[in-house]
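This report concerns only the one structure given below.
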Amino acid sequence: MTTEATTKDTGHARYTFRVRLSNTARRRLEAEWDRCRWIWNECVAKSQQVHVQGKAGGEKLTCGPAQLDKTLTEARGMAPWLAEGASVPQQQVIRDFARSRAKALKDIKDRLPQQRRAGMPRFKKKREARPSLNYTKRGFRLRDGRLHLAGQIVVTVVWSRPLPADPSSVRVYQDTLGQWYVSFVVAAQSEPLAPTGRVLGVDWGVKETATTMARKAADAAIATTKRALVETGRKHARDVRLVHPAHTTMDCAKCGARTKHALPLSMRTYTCTACGAVSPRDKNSARVMLVRAGWNPDGAEGVRPLEPPAPVAA
Ligand SMILES: [Zn+2]
5 MTTEATTKDT
15 GHARYTFRVR
25 LSNTARRRLE
35 AEWDRCRWIW
45 NECVAKSQQV
55 HVQGKAGGEK
65 LTCGPAQLDK
75 TLTEARGMAP
85 WLAEGASVPQ
95 QQVIRDFARS
105 RAKALKDIKD
115 RLPQQRRAGM
125 PRFKKKREAR
135 PSLNYTKRGF
145 RLRDGRLHLA
155 GQIVVTVVWS
165 RPLPADPSSV
175 RVYQDTLGQW
185 YVSFVVAAQS
195 EPLAPTGRVL
205 GVDWGVKETA
215 TTMARKAADA
225 AIATTKRALV
235 ETGRKHARDV
245 RLVHPAHTTM
255 DCAKCGARTK
265 HALPLSMRTY
275 TCTACGAVSP
285 RDKNSARVML
295 VRAGWNPDGA
305 EGVRPLEPPA
315 PVAA
């Protein structure tokens, strides 16, 4: 019933900012992207070729990162237009490709059901693929508040908040609306708080909203709050679990029975017809959520097994 804990990774945090680009910077980023996209597609072609030859039982070819790195070096040696581009983002393309290919192969080996497999990396078409360039430490520098990328690309960052530490890498990308962003990876600051041994259930439910617009605004606000909660949980080493939202107001936290009809909002007390438990409505649903999250609050023993795993988390 719980989705996998989202607060386990205490390693890194991303800080994303909008940027302002001069025409020159924009043109150079687009050119870098064209070269990176070409390399990605070469990797896809190479991997397909290896697959076909492997099937034919011919010479055993490999397509690992080392092999692809070698191919890149050779390609840069032969194609001046490729060598004009910075090598850091091009090498990162190979890392990304190798990761995504390894993931696809692992899914196949693990016999994951088809719909849950990542799938082999595919060709990136010019019209469909949005620019995304990755730079490791040796490919960028921050100076006087501006981001300097390999290949003499200078980007003006709109610093909406300060970076808490030196970034270890940066991604420069364009969204579907054409806006450019930079996203820095910074080692996460972890400030674990002392364990309290206490748990808390929160219901995000928005059931009584008049219009679609109001609903959308509420959903966005909930998403923002949820992200902040998960991030704060990570920072302070708190366990945050998201549970399936259905029927939290209809189930009995004590015995697990479900009422036939949803309680109207005006009914503030939950009375279970199966076991006779009486408790404030919100307290009951908070307990139902704790049980679903795998915690067993006082008085919630004996709850029946829950429904199959949720396709969508709360
Ligand atoms: Zn009950």
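Heads up, the sequence shown is in our numbering, so the first residue is 5 and it goes up one at a time. The C-beta atom is built at its ideal place from N, Cα and C for all residues, glycine as well.
For residue i: DSSP bridge partner residues
i    : result
C137 : Correcting the residue identity first, residue 137 is Leu in this sequence and not Cys. V176.
L204 : DSSP output for L204 lists no bridge partner at all.
V159 : L151
T262 : Here the sequence assigns Arg to residue 262, which means Thr is not the residue at that position. According to DSSP, which records beta bridges pairwise, R262 is partnered with D255.
H16  : A191
S283 : Y274
V186 : F21, V176
Beta-carbon proximity of residue i to residue j, cut-off 7 angstroms
i    : j    : result
V161 : V174 : no
W184 : L25  : yes
L86  : A79  : yes
A225 : C256 : no
K264 : C279 : no
P166 : V189 : no
A232 : P196 : no
C40  : P93  : yes
F127 : V48  : yes
V159 : V23  : yes
A169 : R245 : no
P125 : S104 : yes
D207 : S289 : yes
I157 : A29  : yes
K107 : A122 : yes
M293 : G205 : yes
A60  : A192 : no
L267 : T277 : no
R272 : R285 : yes
W299 : V203 : yes
Cβ neighbours of residue i in the same chain (closer than 6 angstroms, five flanking residues each side left out)
i    : result
T20  : Y185, S187
Q96  : N138
V176 : L137, V186
R134 : Q178
I43  : Q94, V97
Local conformation of residue i per DSSP, three classes
i    : result
P313 : Bear in mind that the predicted position of P313 carries a pLDDT of just 42, short of 50, making it too unreliable to give a figure here.
V307 : Only weak support is given to the placement of V307: the predicted model assigns it a pLDDT of 43, under 50, and the value that follows is read from those uncertain coordinates. Coil at V307, not helix or strand.
F21  : strand
T66  : coil
P93  : helix
R145 : strand
A191 : strand
V244 : coil
P84  : helix
L76  : helix
G298 : coil
R126 : coil
E132 : coil
A227 : helix
S51  : helix
D170 : coil
L197 : coil
Contacting residues, own chain, Cβ-Cβ under 7 angstroms from residue i (five flanking each side not counted)
i    : result
H251 : R262
P348 : Nothing in the structure corresponds to residue 348, since the chain is present only between 5 and 318.
A198 : none
T275 : V282
R145 : H152
Cut-off 8 angstroms between Cβ atoms - residues of its own chain near residue i, not counting five sequence neighbours on either side
i    : result
G89  : A35, E36, R39, C40, G155
P315 : With a pLDDT of 42 at P315, under the threshold of 50, the modelled position of this residue cannot be trusted; read the value that follows with caution. No residues qualify anywhere along the chain.
R32  : G155, Q156, I157
G81  : A87
R120 : D111
Cβ-heavy atom distance, residue i to ligand 2, below 6 angstroms
i    : result
P196 : Summarising the ligand content, the structure contains ligand 1 and does not contain ligand 2.
Min CB distance residue i to chain D below 7 angstroms
i    : result
V174 : Here there is only one protein chain, and chain D is not present.
For ligand 1, list every residue whose C-beta falls under 6 angstroms from any of its heavy atoms, going in chain order.
In chain order, the qualifying residues are C256, K258, C259, A261, C276, A278, C279, A281.
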